[in-house]
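Engineer:
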Amino acid sequence: MAKQTALSDPRTQVCLGEPGPCQSCRRTAPILLSPRALSASVLPLQTGTMHVFKPKKSNSEIMTQLLTPIIALDGHAGAGKSTVAGEVAQRLGFWHVNTGLFYRALTWKVLQTGLAPENQPQIEALSRQVQIQVKEDASGQQHVWLDGKEISHEIRTPEINRNISLISAYAGVREAITHQLRHIEHPQGIIMDGRDIGTVVFPHATLKVFLTASVEERARRQYQDAQAQGQEISLEELKQAIARRDRMDSERSVAPLRQAEDAVRVDSTGLSPEMVIRQILDLWAQHAISVKAP
1 MAKQTALSDP RTQVCLGEPG PCQSCRRTAP ILLSPRALSA SVLPLQTGTM HVFKPKKSNS
61 EIMTQLLTPI IALDGHAGAG KSTVAGEVAQ RLGFWHVNTG LFYRALTWKV LQTGLAPENQ
121 PQIEALSRQV QIQVKEDASG QQHVWLDGKE ISHEIRTPEI NRNISLISAY AGVREAITHQ
181 LRHIEHPQGI IMDGRDIGTV VFPHATLKVF LTASVEERAR RQYQDAQAQG QEISLEELKQ
241 AIARRDRMDS ERSVAPLRQA EDAVRVDSTG LSPEMVIRQI LDLWAQHAIS VKAP
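Position 47 of the sequence shown, counting from 1, maps to 47 under UniProt numbering, and the rest follow consecutively.
1) Of all the options Q120, G194, R221, S139, which has the alpha carbon lying nearest to the alpha carbon of L257?
2) Just to check my reading of the structure: T68 and I190 have Cβ atoms closer than 8 Å, yes? What is that Cβ distance to the nearest angstrom?
3) Please state if the CB of G100 and the CB of S268 are separated by a distance shorter than 9 Å.
4) If you draw a straight line from the alpha carbon of T206 to that of I155, how long is it in whole angstroms?
5) Take T178 and list the residues in its own chain whose beta-carbon comes closer than 6 Å to its own, dropping the five residues that flank it on each side.
6) Taking the alpha carbon of A125 as the reference point, which residue from I167, L235, H183, R252 has its own alpha carbon closest?
7) Should L33 go down as buried or exposed, given a rule of 16 or more other Cβ atoms within 10 Å for buried?
8) How close, in whole Å, do the beta carbons of V209 and A263 come, if the pair is a contact with beta carbons under 8 Å?
9) May I ask you to report which of helix, strand or coil DSSP gives F202?
10) Per DSSP, which residues does Q133 bridge with? Please list them.
11) Taking only the alpha-carbon atoms, compute the straight-line gap between N98 and M192 and give it to the nearest angstrom.
12) How far does the alpha helix (DSSP H) with S72 in it extend, from its first residue to its last?
13) Can you check whether the CB of D147 is closer than 9 Å to the CB of Q122?
14) DSSP three-state label for H96, please.
15) DSSP state of D246, grouped into three classes?
16) Does the beta-carbon distance from G140 to E185 come in below 9 Å?
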């Protein structure tokens, strides 16, 4: 397997090749533990592995949040969280964790195995058996692997979009993935995007941002992406799908989508990605100033 680096700054690069010392970059690749290996040690529920992943006792989770700089980026589907988070991570030297990729990968596996999306018990059992890995190349592009197969393109389909909210709402699925996310570390810091990062996964995050945009704006963006990929879907269908997903995400009983009380709301409607990125970087700079102030 080719060696890969996560960040362009050599001071913060992390080797993602085979475990052990890398002869070319002189860094040590993290060991990606399997669900079985982890469950045999300290973590009872595992869905896979992602980046630097250190099993710890549960009583250390709050200390991890307090000692590691964390930007929690929550918001609606299609608001541009992953695009913005990836660029902010590059500029700050942080590690970008796109939590939606975990749920997309699991949803793909559910559909591939022929399970009905309503079959909660078997889906929760499946989430404890599969191994999911997300790797970042030198350009910052994230690649998703499930049980040794790359599925980066397969998880970006309308069928996945229609089923992900239901599957990701199951308590057992969220428990398994949330437990993993709380143990991801990076020496410089982490920016994690999702639906419940600032409210459930990292309630003690250093900075919380809630990113949103109008339904029309998000449908337009997804329509352009679909056109570029040769997918045939109408703008009106996308609007209805986005509105339906917003409703499901907000009304689900487990970890519903909501803005944390201490989060800063950023509306990206009509804004370019660069404008949103600058807003978040400014918020981080303001936080740094406030921390240093006597």
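Ideal Cβ positions, reconstructed from N, Cα and C, are used throughout, including at glycine. All of these numbers come straight from a predicted model, not from anything done at the bench.
Structural biologist: Reading from the atomic positions:
1) G194
2) 6 Å
3) no
4) 31 Å
5) V201
6) I167
7) Confidence at L33 is low in this model, with a pLDDT of 28, below 50, so its placement is unreliable and no value can be given for it.
8) 6 Å
9) coil
10) W145
11) 6 Å
12) The identity of residue 72 in the sequence shown is Ala, whereas the question assumes Ser. No alpha helix (DSSP H) holds A72; the beta strand (DSSP E) holding it covers 70–75.
13) no
14) strand
15) helix
16) no
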